[in-house]
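Heads up, the thing below is written out as structure tokens.
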Amino acid sequence: MESQPERDRRWMDEALALARRGEGRTSPNPAVGAVVLDARGELAGRGWHERAGAPHAEAAALREAGERARGGTLYLTLEPCAHQGRTPPCAPAVAGAGVARVVAAVQDPDPRTSGRGFQILRDAGVRVEAGLRAREAVRLNEPFFTWQREGRPFVTLKAAASLDGRIASRTGASRWITGERARAWAHEYRDRVDAILVGSGTVLKDDPLLTARPEGREGKPLLRIILDSHLETPETAKVLPPDRGVATILATTGEAPREREALLRRAGAEVLRLGPPEGGRVPLAPLVVELGKRGVRHLLVEGGGRVHGAFLGGGWAHKVLFFLAPLIMGDAQAPGAVAGLAPGLPGGGLRLTHVRWERLGEDMLAEGYLRPPVWAAYGEDGDV
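Each residue of the sequence shown is one higher than the one before, counting from 36 in our numbering.
Now the structure itself:
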């Protein structure tokens, strides 16, 4: 017979699976899942936060459960919110639904709610248990937790390279180093982020759209950012027209030509001047701060070697996604995946932690972290 701890884990895993359905669609909110069991322990309702502005997971699950929620148990991947946003606060609604017990994975890091949602439930006589599958719940929402902790985006750096580390030929041609499965995976990942960034060199060579194009459905609009210290991006670039109302940002310096700024603004871009150049390049610190203020939770960097080197050398990247193709370029003049870092010894390089490898067709994906991930501080069955 299934024990209560086993039962709790099973239904929390179901709530986590539901939360993943909204991953990438709920920003700036976290992805959350909920399951309601009635007083007899039978499934009464399920829900997840589908997108920003839509009902929260607990509200959807309680609506489906109706009166069967009274005296039952609510499994929730995140503490119910206690503040008014685009939707009403959930903690009072959970208390009003009459559930007897709430099992939550983790406390909400948002200071407007953190701990207050649980207290509202306890004050209403609801038994609250928190910490079950906490690490997985935080990992699902690491951009949200990182933004709450640091006030700036979670930054993922993505590169695709040959076995000898080249991301293009010496002429700049890069289509295609990886195969179809790897490229499809990359578009699925784009569909989970808020913003994508490249350097002006990428725009000049490839004229990319920088959109998310997941297979079988329309991708969400992304905030597209171009590092362009001299405003060399052509007014005809495909990336300039706004994507469903979201304008492309040309991040530049205070020394960029004013006449170019006027032309690019007329082409639909937003020009963001970020102060004096640093080594002739766009300063990254004010850019990351500005993106944090705009509520960007997850930034994907897909630049060339110099852009990657700037993010890595400045300590701005949290995670790396590195696709390796079974291809050898054999050309010292071909651009590498990272430029500008010069450790004297191999031990001085940047070593990834929490590394995961995945095979995608003939290509390999290495995923790892450059600093302790926010979820590493949490246990699977206990909060920090």
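Cβ coordinates follow ideal geometry from the N, Cα and C atoms, glycine included. Nothing here was measured: the structure is a model prediction, and the numbers come from that model.
Three-state class that DSSP yields for residue i in the structure shown
i: LEU72; result: strand
i: GLY82; result: strand
i: TYR110; result: strand
i: LEU47; result: This sequence places Met at residue 47; Leu is not what is there. In the structure shown, MET47 sits in a helix (DSSP, three-state: H, G or I).
i: ARG295; result: helix
i: VAL323; result: helix
i: GLU253; result: coil
i: ALA92; result: helix
i: TRP191; result: According to the sequence shown, residue 191 is Thr rather than Trp. Strand.
i: THR246; result: coil
i: ALA345; result: helix
i: SER165; result: Rather than Ser, the amino acid found at residue 165 in this sequence is Ala. Reduced to three states, the DSSP call for ALA165 is strand.
i: GLY340; result: helix
i: LEU175; result: helix
i: LYS240; result: helix
i: SER38; result: coil
i: GLU223; result: helix
i: PHE313; result: The sequence as given places Glu at residue 313; Phe does not occur at that position. In this structure, GLU313 counts as strand in the three-state DSSP scheme.
i: GLY152; result: helix
i: GLY371; result: strand
i: ARG147; result: coil
i: VAL419; result: Here VAL419 scores only 46 on pLDDT, less than 50, and its place in the model is too uncertain to base an answer on.
i: ARG201; result: strand
i: GLY101; result: helix
Whole-angstrom C-beta distance between residue j and residue i, which should lie under 8 Å
i: THR288; j: GLY310; result: 7 Å
i: LEU113; j: ALA96; result: With 8 Å as the limit, LEU113 and ALA96 do not qualify as a contact, their Cβ atoms being about 13 Å apart.
i: ALA353; j: VAL373; result: One point to set straight first is that residue 353 is His, not Ala, in the sequence displayed. Actually they are not in contact, since the Cβ atoms of HIS353 and VAL373 sit about 16 Å apart, beyond 8 Å.
i: LEU51; j: GLY68; result: 6 Å
i: LEU334; j: ASP229; result: 7 Å
i: ASP43; j: LEU167; result: 6 Å
i: GLY57; j: CYS116; result: The pair is not a contact, with the Cβ atoms about 15 Å apart (cut-off 8 Å).
i: ALA135; j: GLY88; result: Not really, about 31 Å apart at Cβ, beyond 8 Å.
i: ILE260; j: ALA297; result: Actually they do not touch by this definition, with Cβ atoms about 20 Å apart.
i: ASP366; j: ARG201; result: 7 Å
i: ALA130; j: ALA159; result: 4 Å
i: HIS84; j: THR61; result: 5 Å
i: LEU257; j: ASP278; result: 7 Å
i: GLY303; j: LEU275; result: 5 Å
i: GLY414; j: ALA169; result: 6 Å
i: GLU397; j: PRO361; result: 5 Å
Minimum C-alpha distance to residue i - residue among the options
i: GLU402; options: PRO256, PRO127, ARG386; result: ARG386
i: PRO123; options: THR61, GLU93, ARG157; result: GLU93
i: LEU326; options: PHE189, ARG218, GLY339, LEU244; result: PHE189
i: PRO407; options: GLU164, GLU177, GLU223; result: GLU177
i: GLY254; options: LEU319, ARG98, GLY59, GLU393; result: GLY59
i: VAL323; options: ALA345, GLY384, ARG162; result: ALA345
i: LYS328; options: PRO63, LEU192, GLY76; result: PRO63
i: GLY236; options: GLU37, ARG341, ALA367; result: ARG341
i: GLY348; options: GLY375, PRO361, LEU359; result: GLY375
i: LEU266; options: TYR224, PRO312, ARG279; result: PRO312
i: PRO65; options: GLY120, PHE179, ALA128; result: PHE179
i: LEU400; options: GLY384, VAL281, TYR224, ALA247; result: TYR224
i: GLY350; options: ARG81, CYS125, TYR404; result: TYR404
i: LEU198; options: THR191, PRO249, THR213; result: THR213
i: PRO40; options: VAL390, PRO378, ALA165; result: ALA165
i: THR206; options: GLN368, LEU53, TYR413; result: GLN368
i: LEU192; options: PHE357, ASP242, TRP392; result: PHE357
i: ALA320; options: ASP226, GLU270, ARG187; result: ARG187
i: GLY251; options: GLY330, TRP220, VAL70; result: TRP220
i: HIS389; options: SER204, VAL355, LEU395; result: VAL355
Which residues DSSP lists as bridging residue i, in chain order
i: TRP392; result: ALA401
i: ASP278; result: VAL281
i: LEU258; result: ALA230
i: LEU359; result: ALA196, MET399
i: VAL306; result: LEU285
i: ALA139; result: LEU111, ALA165
i: LEU387; result: According to DSSP, which records beta bridges pairwise, LEU387 is partnered with nothing at all.
i: LEU335; result: THR191, ILE231
i: LYS354; result: THR191, TYR404
i: GLU215; result: For GLU215, which the question treats as bridged, DSSP gives no partner whatsoever.
Neighbour-count burial assignment, residue i, 16 or more Cβ in a 10 Å radius
i: ARG103; result: buried
i: GLY234; result: buried
i: PRO144; result: buried
i: TRP211; result: exposed
i: MET36; result: exposed
i: GLY338; result: buried
i: ASP263; result: buried
i: GLY371; result: buried
i: ARG121; result: exposed
i: GLY150; result: exposed
i: ILE231; result: buried
i: GLY280; result: exposed
i: PRO378; result: exposed
i: PRO146; result: exposed
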